[in-house]
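Residue numbers for the sequence shown follow this note's numbering, so the first one is 12 and each next one is one higher. Where is the CB? At the ideal position from N, CA and C, for every residue including glycine. Please read all numbers here as calculations on a predicted model, not as lab measurements.
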Amino acid sequence: MLLPELSASFLRRNTTTTVIAFFHRRRLEDLLLFSTATAGGSGENPSHKPHFLVEYLVSSCRFPPDQAAEVSKPISHLKSNEKPKSVVDFLRSHGFEDAHLRKLVSLNPRCLCYDVKKTLAPKMRAFLDMGFSPSDLPHLILSNPNVLNLSVDRILPKIELWKNLLGSTDLLMKFFKKNQWLLGYSVEKTILPNISLLRDCGITDERLAMIVRKRPTFITQRMESLRALVDRVEELKIPRSSGLFMWALQILRMVSRDRFQAKMELMKSFGWSESEFLAAFRKAPVFLSVSEKVMRRKMEFLVKEAGCETSYLALNPVLLMYSLEKRLIPRVRALEILKAKGLLRRKPKLHSIMSLSEEDFINKYVLCHKVEGPKLHKLYTAVLKQATPLS
12 MLLPELSASF LRRNTTTTVI AFFHRRRLED LLLFSTATAG GSGENPSHKP HFLVEYLVSS
72 CRFPPDQAAE VSKPISHLKS NEKPKSVVDF LRSHGFEDAH LRKLVSLNPR CLCYDVKKTL
132 APKMRAFLDM GFSPSDLPHL ILSNPNVLNL SVDRILPKIE LWKNLLGSTD LLMKFFKKNQ
192 WLLGYSVEKT ILPNISLLRD CGITDERLAM IVRKRPTFIT QRMESLRALV DRVEELKIPR
252 SSGLFMWALQ ILRMVSRDRF QAKMELMKSF GWSESEFLAA FRKAPVFLSV SEKVMRRKME
312 FLVKEAGCET SYLALNPVLL MYSLEKRLIP RVRALEILKA KGLLRRKPKL HSIMSLSEED
372 FINKYVLCHK VEGPKLHKLY TAVLKQATPL S
C-alpha cells in the first residue's frame with residue numbers, strides 16, 4: 012500500500028510451580044502477614060485481602076515477593092486470581108515466558124485484569140494475520156506495552172503505516188525492539204502531518220523511507236519542531252530542491268544552534284571565514300555530525316600531516332566526513348610510502364584518493380606495483396589495525 016493511500020484510508024506453561032525456595036517462602040509469609048494486618052486494621056473484609064495476588068505472582072511468574080507485592084497494589088480490588096490466571100495462561104500459550112510476563116506486568120499491572128476473549132485474543136489474531144510470527148508477539152508487546160490498551164482498529168493502521176515505511180515485517184520487528192513506544196505516537200496528530208510537511212519540501216516517499224529506516228524517530232518529533240528545522244535549513248540557504256535538504260534537516264536536529272555556532276568558531280580557529288563554513292555546510296552538511304573533538308583532530312591531521320591548505324578543505328568539506336582512523340590516516344600513510352619509494356608519479360588530489368572504495372584504492376595504488384605490492388599491502392593493513400578510534 013502506498014503512503015498516500017495509507018493516509019487516505021486511515022481514519023509455557025499451564026501448570027503452577029508449587030515449590031518455592033525457603034527464603035522466598037519466609038519472605039512471602041511476612042508479606043502475607045503484613046497484608047492481613049493492614050486489611051484488618053482498615054476495616055476491610057478479611058475474605059477480600061489482596062495477599063493472594065502476591066502469592067500467585069510469586070508462584071506463577073517467579074516474581075520476587077517484594078516486587079510481587081508492589082505490582083499487585085494497582086489491582087488490589089480483584090477478589091480472586093481467576094482473571095490474572097486466564098491472562099497468564101493465554102500469554103504463555105502465545106510464547107510469553109516468565110521473564111516476559113514479569114516485565115509486562117511490571118510495566119502494566121492492570122493487564123492482569125483484561126478480558127482474554129474480548130481484549131487479548133482479537134489483538135493476537137490481528138498481529139498474526141499481519142505477518143508477525145508467534146515468536147514476535149512477546150517482543151512486539153513488550154516494546155510497545157500500550158498496544159494492549161488500544162482497540163484493534165487503532166493499532167492496525169499504526170502498524171500498517173510503519174510496515175509500509177520500513178518495507179517489511181522483519182525490519183519492523185527490528186525497529187520495535189530498538190525503539191520502544193514507537194506505536195505510542197499519534198498517526199493523525201504527529202506522523203502523517205510530518206510526512207505531509209516533508210513531502211511539501213520536495214522529499215520523495217523513497218527518500219523518506221530511506222531516512223525512516225535509518226532514524227524512525229525523525230517523523231515522531233513534534234510537528235512544530237520539524238517545521239522549525241525546515242526554517243533553519245532554509246535560513247542557511249539550502250533549497251528544498253536540493254538532494255541535501257533532507258540531510259541538512261537530520262544534521263540540524265542533532266546540532267543545536269549553540270553547537271552549530273561552536274563548530275563554526277572551531278573552524279574559524281583554523282582560518283575558515285564564516286562564509287566558507289556556511290558554504291561547506293551547504294556542500295556536505297554531514298561533516299558537522301561529529302563532535303568538536305573529532306573535528307579538531309581531523310583538521311589537525313589534514314593540515315599538519317597531510318599538508319592540506321585550509322581553503323582546500325573548505326572547498327572539499329567531504330574530506331571531513333571520512334573516518335580518521337579507517338580512511339584518512341591509512342591512505343595518507345600509504346601515499347607517503349609510495350612517494351618515498353618513488354612509486355608515485357604525481358601527487359593525486361586528496362579528495363579523489365579518499366573518495367575511492369577500499370577495493371579500488373588498493374588495486375589502483377597498492378597492488379598495481381608487482382614487486383612492492385604485497386609488501387605495501389601488508390604495511391597498509393598494519394596501519395589500519397594500529398589506528399585508534401576516536402571517542
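Can you list, in chain order, the residues of its chain whose CB lies under 7 Å from that of Ala220, leaving out five sequence neighbours each side?
Residue mapping note: residue 220 aligns to position 209 of the sequence shown, counting from 1. Scanning its chain for C-beta atoms nearer than 7 Å, with the 5 sequence neighbours on each side dropped, one finds around Ala220 the residues Leu176 and Gly178, in chain order.
If you scan the segment 84 to 148 from start to end, which runs of the alpha helix (DSSP H) of 4 or more residues do you find wholly inside it?
Counting only runs of 4 or more, we get 93 to 104, 109 to 118 and 132 to 140.
Verify whether the separation of the beta carbon atoms of Ile348 and Leu390 is less than 8 Å.
For the purposes of this step, residue 348 is taken as the residue at position 337 of the sequence shown. For the purposes of this step, residue 390 is taken as the residue at position 379 of the sequence shown. The criterion of a C-beta distance shorter than 8 Å is satisfied by Ile348 and Leu390.
Pro120: beta carbon under 7 Å from a heavy atom of the ligand HEM?
Absent from the structure shown: the ligand HEM. Ligands present: none.
Should Trp192 be labelled buried (16 or more other beta-carbon atoms within 10 Å of its own) or exposed?
Against the sequence shown, residue 192 aligns to sequence position 181. Answer is exposed; the Cβ neighbour count stays below 16.
Counting only runs of 4+ residues fully inside the segment 207 to 293, write out the alpha helix (DSSP H) ranges in chain order.
If only uninterrupted alpha helix (DSSP H) runs of at least 4 residues are considered, those enclosed by the segment 207 to 293 are 216 to 225, 234 to 246, 256 to 265 and 268 to 280.
Find out if the Cβ-Cβ distance for the pair Ala291, Phe281 is shorter than 8 Å.
Start at 1 with the first residue of the sequence shown, and residue 291 comes out as number 280. Start at 1 with the first residue of the sequence shown, and residue 281 comes out as number 270. Contact: no.
Would you call Asn327 buried or exposed, if buried means 16 or more other Cβ atoms sit within 10 Å of its Cβ?
Position 316 of the sequence shown, counting from 1, holds the residue named residue 327. Residue burial is scored here from C-beta neighbours: Asn327 has at least 16 other C-beta atoms within 10 angstroms and is therefore classed as buried.
Whole-angstrom distance between Ala393 and Pro227, CA atom to CA atom
Start at 1 with the first residue of the sequence shown, and residue 227 comes out as number 216. Start at 1 with the first residue of the sequence shown, and residue 393 comes out as number 382. One Cα belongs to Pro227, the other to Ala393, and the distance between them is close to 38 Å.
Quick check on Lys358: does DSSP put it in helix, strand or coil?
For this step, residue 358 is matched to residue 347 along the sequence shown. Lys358: coil per DSSP, three-state reduction.
For Phe45, I'd like the list of residues in its chain whose CB is within less than 8 Å of its CB, leaving aside the five on either flank, ordered along the chain.
Within the sequence shown, the letter at position 34 stands for residue 45. At Phe45 the pLDDT is 39, less than 50, meaning the model places this residue with poor confidence; the figure from the coordinates comes in the next sentence. Taken in chain order, the list of residues that qualify is empty.
By the 10 Å Cβ neighbour count, where 16 or more other Cβ atoms means buried, how is Phe33 classified, buried or exposed?
Sequence index remark: in the sequence shown, residue 33 carries index 22 (1-based). Here the model assigns Phe33 a pLDDT of 36, short of 50, so the residue's position is not dependable, and the following value carries that caveat. In this structure Phe33 is exposed. Its beta-carbon is surrounded by fewer than 16 other beta-carbon atoms within 10 angstroms.
Could you check where the alpha helix (DSSP H) with Arg73 kicks off and where it finishes?
The residue labelled residue 73 in the question sits at position 62 within the sequence shown. Per DSSP, Arg73 is not a residue of any alpha helix (DSSP H), being assigned neither H nor E.
As an exercise, report each continuous alpha helix (DSSP H) stretch of at least 4 residues that is fully enclosed by the segment 309 to 397, in chain order.
For the segment 309 to 397, whole alpha helix (DSSP H) runs of length 4 or above, ordered along the chain, are 321 to 326, 340 to 351, 361 to 366, 369 to 376 and 384 to 397.
Nearest-angstrom Cα distance between His88 and Asn157?
Along the sequence shown, read from residue 1 onward, the residue named residue 88 stands at position 77. Along the sequence shown, read from residue 1 onward, the residue named residue 157 stands at position 146. Going by the C-alpha atoms only, they are around 22 Å apart.
Contacting residues, own chain, Cβ-Cβ under 7 Å from Ile249 (five flanking each side not counted):
Counted from its first residue, the sequence shown places residue 249 at position 238. Answer for Ile249: Leu255, Phe256, Ala259 and Arg293, listed in chain order.
Can you list, in chain order, the residues of its chain whose CB lies under 7 Å from that of Ser300, leaving out five sequence neighbours each side?
As a first step, residue 300 is located in the sequence shown; it is residue number 289 there, counting from the start. Non-local beta-carbon contacts of Ser300 in its own chain, meaning distances under 7 Å to residues more than five positions away in sequence, involve Ile262 and Met265 in chain order.
Could you tell me the alpha carbon to alpha carbon distance between Arg233 and Lys188, rounded to whole angstroms?
The residue given as residue 233 occupies position 222 in the sequence shown. The residue given as residue 188 occupies position 177 in the sequence shown. Whole-angstrom Cα-Cα distance: 22 Å.
Asp446, buried or exposed, once every other Cβ within 10 Å from all chains shown has been counted against 16:
An answer regarding residue 446 cannot be provided, because it is not within the stretch 12 to 402 covered by the chain.
Output the distance between the C-alpha atoms of Pro85 and Lys274, rounded to the nearest integer angstrom.
Position 74 of the sequence shown, counting from 1, holds the residue named residue 85. Position 263 of the sequence shown, counting from 1, holds the residue named residue 274. Counting only the Cα atoms, Lys274 lies some 50 Å from Pro85.
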